[in-house]
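S.K.:
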Amino acid sequence: MKNFLVPLLLQFTCLPFLAAQTYEPQATTVKKDSCNVVITIQVGVETDSLSDIARIQAAANECFAVTCDLPCENGEIGKCKVISKVVVVDWKKLSVQDRDKFHHVKMVPGTAISYVDRVGIPNHRKASGGTWGRPEYDPKVYCHEIWHLAGLPDRYRDCRRDRVALGVDNCKDGKTCTPEQIEKGECPSCDGHEHDCMGSDVKKSADCNINMMEVIRLANDITLVCSEECCKTRTRLPPEEDSNYSGPHIGVLLDAGVGLYNQRHKEFKDDKLNMIGGAFSIGGYGLIALMTHIELMSYLKLNYAAVSKKIVENEHNGIYPATIEEYYRHRFADLSLGANLIYRLQLLSLYAGPEVAFILMAKSKYYGTYTYNNMTSPLGQDEWRNITEKKNIQLGINIGAMYQVMLLRNAMMLSLNIYYPFTNYIAYEYYRNRLYNFNLGLMLPLMYTNR
Amino acid sequence: MAQKNYFLQVYAGSNAPWGTTQSLLVEESGKTTYYLTEVGKGDLDTSSFTLTKAELNRLSETLKKMNYYKLSRNYNEESVDGLRLTVIAEKGSSKNAVTWENFRTKETKLLLDNVNAILKKRNIEITY
Numbered sequence: 398m399k400n401f402l403v404p405l406l407l408q409f410t411c412l413p414f415l416a417a418q419t420y421e422p423q424a425t426t427v428k429k430d431s432c433n434v435v436i437t438i439q440v441g442v443e444t445d446s447l448s449d450i451a452r453i454q455a456a457a458n459e460c461f462a463v464t465c466d467l468p469c470e471n472g473e474i475g476k477c478k479v480i481s482k483v484v485v486v487d488w489k490k491l492s493v494q495d496r497d498k499f500h501h502v503k504m505v506p507g508t509a510i511s512y513v514d515r516v517g518i519p520n521h522r523k524a525s526g527g528t529w530g531r532p533e534y535d536p537k538v539y540c541h542e543i544w545h546l547a548g549l550p551d552r553y554r555d556c557r558r559d560r561v562a563l564g565v566d567n568c569k570d571g572k573t574c575t576p577e578q579i580e581k582g583e584c585p586s587c588d589g590h591e592h593d594c595m596g597s598d599v600k601k602s603a604d605c606n607i608n609m610m611e612v613i614r615l616a617n618d619i620t621l622v623c624s625e626e627c628c629k630t631r632t633r634l635p636p637e638e639d640s641n642y643s644g645p646h647i648g649v650l651l652d653a654g655v656g657l658y659n660q661r662h663k664e665f666k667d668d669k670l671n672m673i674g675g676a677f678s679i680g681g682y683g684l685i686a687l688m689t690h691i692e693l694m695s696y697l698k699l700n701y702a703a704v705s706k707k708i709v710e711n712e713h714n715g716i717y718p719a720t721i722e723e724y725y726r727h728r729f730a731d732l733s734l735g736a737n738l739i740y741r742l743q744l745l746s747l748y749a750g751p752e753v754a755f756i757l758m759a760k761s762k763y764y765g766t767y768t769y770n771n772m773t774s775p776l777g778q779d780e781w782r783n784i785t786e787k788k789n790i791q792l793g794i795n796i797g798a799m800y801q802v803m804l805l806r807n808a809m810m811l812s813l814n815i816y817y818p819f820t821n822y823i824a825y826e827y828y829r830n831r832l833y834n835f836n837l838g839l840m841l842p843l844m845y846t847n848r
Numbered sequence: 005m006a007q008k009n010y011f012l013q014v015y016a017g018s019n020a021p022w023g024t025t026q027s028l029l030v031e032e033s034g035k036t037t038y039y040l041t042e043v044g045k046g047d048l049d050t051s052s053f054t055l056t057k058a059e060l061n062r063l064s065e066t067l068k069k070m071n072y073y074k075l076s077r078n079y080n081e082e083s084v085d086g087l088r089l090t091v092i093a094e095k096g097s098s099k100n101a102v103t104w105e106n107f108r109t110k111e112t113k114l115l116l117d118n119v120n121a122i123l124k125k126r127n128i129e130i131t132y
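Top line first, the protein sequences correspond to chains A and B.
Quick note on the working numbering: the first sequence kicks off at 398 and runs consecutively.
Quick note on the working numbering: the second sequence kicks off at 5 and runs consecutively.
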């Protein structure tokens, strides 16, 4: 059964992560995601140095981490946000079909000044591209170029001699450069762009009201507004309306609760041990929507359980009473892979799914005292030992409920989970043993991907 | 900026709001001024000299060879940032202003080869 189930479960659990790697259909995409508007810029970098990709992604992550409010028609702030993200990948690793979905950037060594082939057009099939220098005078130059790919033009007045001689008016406002500006070869920002990255100083951050909104306007899509529904004053939205939890996303999950260990000899029913303790897990998950109200979540997590048992027995051995005090301590660790099918009912969700656990560690300690006639002698040894050298694989099922809560304007899920194992945790020949879990959990979404 | 009767103006350098630009301004008399300017910081280097008649003729011949007065005004103007080369020339009734942005042609090579050959003894090289 394990031979059949494990590969099947592996494939099943990979689905959300595979889905998370799908790309937007255009190199610059602006679209609604529930209440929010998401600006996605996909850049394929052709380079002989993979560090370029990491460097550009790092620069972009810093510049595009800004989340802005998308105001309602009346100017008030509702539930809508503008989220921007940049996907930087190795051009050579993209399939031929996917290349059309990316701006194609070639990296050149030396002190070349980066440029883009043309300003991008949001939601347009035709991607742009460019040639970027390595290194640039500042990493934020890459952000400036990415904003060009997103659709933004430069917003500075070029007061260098040639532009003045040609009468070029970049700002298209009829204003001219002062003699001092010409003398210094200045490029002052156009009016209203003094504080954003498309003006004179590319090291500045993008401005929510100017840069982000301009990209949305350029997308020329009347649906890219904060809808009436999202503008209603509510502290919490149903999951369908709250983008924080809609659409594929990945995140972190944390669990803590009670672990119950049960061990029983297969033949001698009295030879049994029940232990209780703490159980903790940390891991990552991916989630995709399969259909309305139905979602699939897969996860990989590291589990740790510490259970113990104290047994005190009094007996008469001859004429004197005897007391046996025994301590059992077990420590377990495993890596588990699972998938849950989630049925969403507004803020509450119910779920169930299989889980396979690869046992990493099973240690135990047994010690105590034997007291007879006021004479005490030790039992066992107060040191950890591996229970068995043979690693086991455990199969089980999770069943539980989740409830969405808002914390710091982010939707998170609190869960109540019961884990029921079908197979032994420890590879004992004569003992049937199970490790049950009863946990409270928290799911923190980290990154949203395309719907 | 006071307008002078320049026979040839060559600007090469940054097309972005940072970096440097080289400017070569040649008057009809041969009087020439060269500037190396950094955006917002002004001139890093300037020099003035006079071109000989032979050098002026060479420049005229070069413009003729590259069919300069019939070139388009812009090459690759869609591109943003990077580098640009702007050449403005006027002789008699012929006048043109051509900008190449992140784009090199045989005309740009011909021009820069000849301009740099003339400027070599002044320790100046226009790069694009």
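Where a beta carbon is used, it is the ideal one built from N, C-alpha and C, also for glycine.
These figures come from a predicted structure and were not determined experimentally.
1. Can you grab the Cα-Cα spacing for the pair S643 (chain A) / C627 (chain A), in whole Å?
2. What residues from chain A crowd round L87 (chain B), counting only those whose CB sits closer than 7 Å?
3. Listing by chain order, which chain A residues have their CB less than 9 Å from the CB of T25 (chain B)?
4. Per DSSP, M688 (chain A) forms a beta bridge with which residues?
5. Compare the C-alpha of V505 (chain A) against each of A:S733, A:L447, A:Q660, A:Y725 and name the closest.
6. Given a cut-off of 9 Å, decide if A509 (chain A) and L116 (chain B) are closer than it, judged by their beta-carbon atoms.
7. Residues of the region 37–53 of chain B with a CB closer than 9 Å to any CB of chain A: list them in chain order, please.
8. Could you tell me how far apart the beta carbons of D555 (chain A) and C584 (chain A) are, in whole angstroms, since I believe they sit closer than 8 Å?
9. Strictly by DSSP, which residues pair up with M809 (chain A)?
10. Thinking C-alpha only, which one of A:G674, A:S525, A:D535, A:H662 is nearest C594 (chain A)?
11. For a contact meaning CB atoms closer than 7 Å, what does A562 (chain A) contact in chain B?
12. Counting contacts by CB-CB distance shorter than 9 Å, is Y534 (chain A) in contact with chain B?
13. What residue range is occupied by the uninterrupted alpha helix (DSSP H) comprising E826 (chain A)?
14. Just to confirm my understanding: we take E723 (chain A), look at its own chain, exclude 5 residues before and 5 after, and list those with CB closer than 6 Å. What are they?
15. For a contact meaning CB atoms closer than 7 Å, what does S597 (chain A) contact in chain B?
16. Helix or strand or just coil, what does DSSP make of S640 (chain A)?
17. By the 10 Å Cβ neighbour count, where 16 or more other Cβ atoms means buried, how is E692 (chain A) classified, buried or exposed?
18. What's the call for K124 (chain B), buried or exposed, on a 16-neighbour Cβ count within 10 Å?
19. What did DSSP end up calling H541 (chain A) once you bin it into helix, strand or coil?
20. Buried or exposed: which applies to P576 (chain A), given that a residue is buried once 16 or more other Cβ atoms fall within 10 Å of its Cβ?
21. How many angstroms separate the CA atom of H690 (chain A) from the CA atom of R728 (chain A)?
22. Does any C-beta atom of chain B lie closer than 9 Å to the C-beta of R531 (chain A)?
23. What residues are listed by DSSP as bridge partners for P751 (chain A)?
24. So, using beta-carbon positions, are Q791 (chain A) and A754 (chain A) closer together than 9 Å?
25. Mind the definition here: the region 56–66 of chain B touches the region 74–85 of chain B only if three or more C-beta pairs lie below 8 Å; say whether that holds.
26. How would you call K68 (chain B), buried or exposed, if buried means at least 16 neighbouring beta carbons within 10 angstroms?
27. Could you tell me the alpha carbon to alpha carbon distance between E826 (chain A) and P751 (chain A), rounded to whole angstroms?
28. Any chance the region 20–32 of chain B sits against the region 679–686 of chain A, with 3 or more Cβ pairs inside 8 Å?
29. Please list, in chain order, all residues of the same chain as R631 (chain A) whose beta carbon is under 6 Å from its beta carbon, the five residues on each side excluded.
30. Should the region 486–496 of chain A be regarded as contacting the region 433–448 of chain A, the criterion being three or more beta carbon pairs within less than 8 Å?
31. Kindly indicate the opening and closing residues of the beta strand (DSSP E) around C465 (chain A).
32. Can you name the start and end residues of the beta strand (DSSP E) that D449 (chain A) belongs to?
33. Which residues in chain A have a C-beta closer than 9 Å to the C-beta of V84 (chain B)? List them in chain order.
34. Let me confirm a value: N834 (chain A) is counted as buried when at least 16 other C-beta atoms fall within 10 Å, else exposed. Which label applies?
35. Counting contacts by CB-CB distance shorter than 9 Å, is V538 (chain A) in contact with chain B?
36. What do you reckon, are the CB atoms on V435 (chain A) and K482 (chain A) nearer than 9 Å?
M.R.: Let me spell this out:
1. Confidence is the limiting factor: at S643 (chain A) the pLDDT is only 48, short of 50, which leaves the residue's position unreliable, though a coordinate-based value still follows. So the two alpha carbons sit approximately 14 Å from each other.
2. Listed along the chain, the chain A residues whose CB falls inside 7 Å of the CB of L87 (chain B) are I510.
3. Correct list: R557, R558, D559, G582.
4. Looking at the DSSP assignment, M688 (chain A) forms a beta bridge with A:I691.
5. Per the Cα distances, A:L447.
6. Not in contact: L116 (chain B) and A509 (chain A) (Cβ atoms no closer than 9 Å).
7. The region 37–53 of chain B vs chain A, Cβ under 9 Å: Y39, T41, E42, V43, G44, K45, G46, D47.
8. Sure, about 6 Å apart at Cβ, within 8 Å.
9. Paired residues: A:V802.
10. The shortest C-alpha separation from C594 (chain A) is found at A:D535.
11. Those within 7 Å of A562 (chain A) in chain B are Q13, I92.
12. So yes, Y534 (chain A) belongs to the interface.
13. Element bounds for E826 (chain A): n/a, residue is neither H nor E.
14. Cβ neighbours of E723 (chain A) beyond the five flanking positions: I708, G765.
15. Those within 7 Å of S597 (chain A) in chain B are P21.
16. Its pLDDT being 41, under 50, S640 (chain A) is placed unreliably by the model, and nothing is read from it.
17. Taking every protein chain shown into account, the CB of E692 (chain A) has 16 or more other CB atoms within 10 angstroms, so this residue is buried.
18. With fewer than 16 other beta carbons inside 10 angstroms of its own, K124 (chain B) counts as exposed.
19. Three-state result, H541 (chain A): helix.
20. Result: exposed.
21. When only Cα atoms are considered, H690 (chain A) and R728 (chain A) end up about 39 Å apart.
22. Cβ-Cβ to chain B under 9 Å: no for R531 (chain A).
23. BP columns for P751 (chain A) point to A:I794.
24. For Q791 (chain A) and A754 (chain A), yes; Cβs fall inside 9 Å.
25. Contact between the region 56–66 of chain B and the region 74–85 of chain B is absent, because fewer than three Cβ pairs lie under 8 Å.
26. Its Cβ having fewer than 16 others within 10 Å, K68 (chain B) is exposed.
27. Going by the C-alpha atoms only, they are around 25 Å apart.
28. Too few Cβ pairs lie closer than 8 Å, so no.
29. A caution first: R631 (chain A) carries a pLDDT of 42, below 50, which makes its placement in the model too unreliable to give a value.
30. The answer is yes - the region 433–448 of chain A touches the region 486–496 of chain A, with three or more Cβ pairs under 8 Å.
31. Segment 464–468, the beta strand (DSSP E) holding C465 (chain A).
32. Annotation for D449 (chain A): no beta strand (DSSP E) segment contains it, though the alpha helix (DSSP H) segment containing it runs 447–460.
33. Those are Y512, V513, D514, R515, V516, G527, E542, H545, P550, D551, listed as they occur along chain A.
34. It counts as buried.
35. It does: the Cβ of V538 (chain A) has a partner Cβ on chain B nearer than 9 Å.
36. Result yes, Cβ atoms of V435 (chain A) and K482 (chain A) sit closer than 9 Å.
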